[in-house]
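Read in order, the letters of the sequence shown are residues 8 to 158 in our numbering. Just so you know, even glycine gets a beta-carbon here, dropped at the ideal spot from N, CA and C. Here the structure is a predicted model, which is why all the values come from computation and not from measurement. Step one of this worksheet: look at the structure below.
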Amino acid sequence: MRINPTVIGDYKVRCAELCGKQHALMLADVMVVSKADFETWVQKKLAENPCNTDDRVACGQKLAQDNGCLACHSIDGTKIIGPSWLGVFGSQEALTDGSTVTVDEAYIIESIRNPAAKIVEGYDNLMPANAGEKLSDEELLDIVSFIESLK
């Protein structure tokens with residue numbers, strides 16, 4: 008659905024396509040603002056984003072949250088779908104093939120890019136195979152920095 012606003016104000020919109028279950032509940036709020044107000048909002052959002060700073064840990068945390076990593080990997084030691092990231096950097100992890108691996112930058116990046124390569128003992132291979140495709144090399148390093156900070 009496209010909306011071409013012409014009058015500044017707050018509006019309620021309803022989906023105009025029969026596109027799925029509970030169609031009647033597909034409502035949204037639209038706020039139409041001036042171009043200047045929109046540009047101010049964009050600049051504020053850019054300034055709030057830690058990935059626009061030199062703080063790699065904060066950026067890595069935001070990337071992990073925004074990309075769904077924290078739905079499966081806890082940062083407090085809780086065992087959920089995937090291994091917790093708390094204190095894992097630099098540790099030795101037992102793998103399902105009987106070997107062990109040091110959790111370092113190379114292992115973390117490999118595990119994001121090719122999740123089936125080395126599965127931690129006690130966990131299933133449930134991570135999406137394409138998880139690393141949507142992250143740049145720099146973003147992967149930011150996530151590694153975040154994981155490393157969790158001591």
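> Using 8 Å as the Cβ pair cut-off and three pairs as the minimum, do the segment 146-158 and the segment 65-79 touch?
Replying inline: Because the criterion of three Cβ pairs below 8 Å is met, the segment 146-158 and the segment 65-79 touch.
>> Can you list, in chain order, the residues of its chain with a C-beta nearer than 6 Å to that of E100? Leave out the 5 residues immediately preceding and following it.
In response: As a first step, residue 100 must be located in the sequence shown, where it is residue number 93. Annotation for E100: V108, V110 and V127 place their beta carbon closer than 6 Å to its own, counting only its chain and skipping 5 residues before and after.
>> Assuming contact is defined by CB atoms lying nearer than 8 Å, are L93 and K125 in contact in what I supplied?
In response: Working through the sequence shown from its first residue, we reach residue 93 at position 86. Working through the sequence shown from its first residue, we reach residue 125 at position 118. Judged by beta-carbon spacing, K125 lies beyond the 8 Å limit of L93, meaning their Cβ atoms are not closer than that value.
>> Counting C-beta neighbours from all protein chains within 10 Å, is the total for M38 16 or more, i.e. buried, or is it exposed?
In response: Walking along the sequence shown from the start, residue 38 turns up at place 31. Around the Cβ of M38, a 10 Å sphere holds fewer than 16 other Cβ atoms; the residue is exposed.
> If we count Cβ pairs, one from each stretch, closer than 8 Å, do we get three or more for the segment 84-93 versus the segment 130-143?
Replying inline: Three or more beta-carbon pairs separated by less than 8 Å link the segment 84-93 to the segment 130-143, which places the two stretches in contact.
> By DSSP, does L102 sit in helix, in strand, or in coil?
Replying inline: Within the sequence shown, numbered from 1, the residue matching residue 102 stands at position 95. DSSP places L102 in strand when its eight states are reduced to three.
> Where do the N-terminal and C-terminal ends of the alpha helix (DSSP H) with D7 fall, by residue?
Replying inline: The structure shown has nothing for residue 7, since the chain only spans 8 to 158.
> Quick one: what's got a C-beta closer than 6 Å to E112's C-beta in the same chain, skipping five residues either side?
Replying inline: What you label residue 112 is simply residue 105 of the sequence shown in a count that begins at 1. Here the set comprises V151.
>> To the nearest angstrom, how far is the alpha carbon of V64 from that of S156?
In response: Here residue 64 is taken as the residue at index 57 of the sequence shown, counted from 1. Here residue 156 is taken as the residue at index 149 of the sequence shown, counted from 1. In a straight line, the C-alpha of V64 is about 7 Å away from that of S156.
> Terminal residues of the continuous alpha helix (DSSP H) containing Y3?
Replying inline: It is not possible to answer for residue 3, since the shown part of the chain is limited to 8 through 158.
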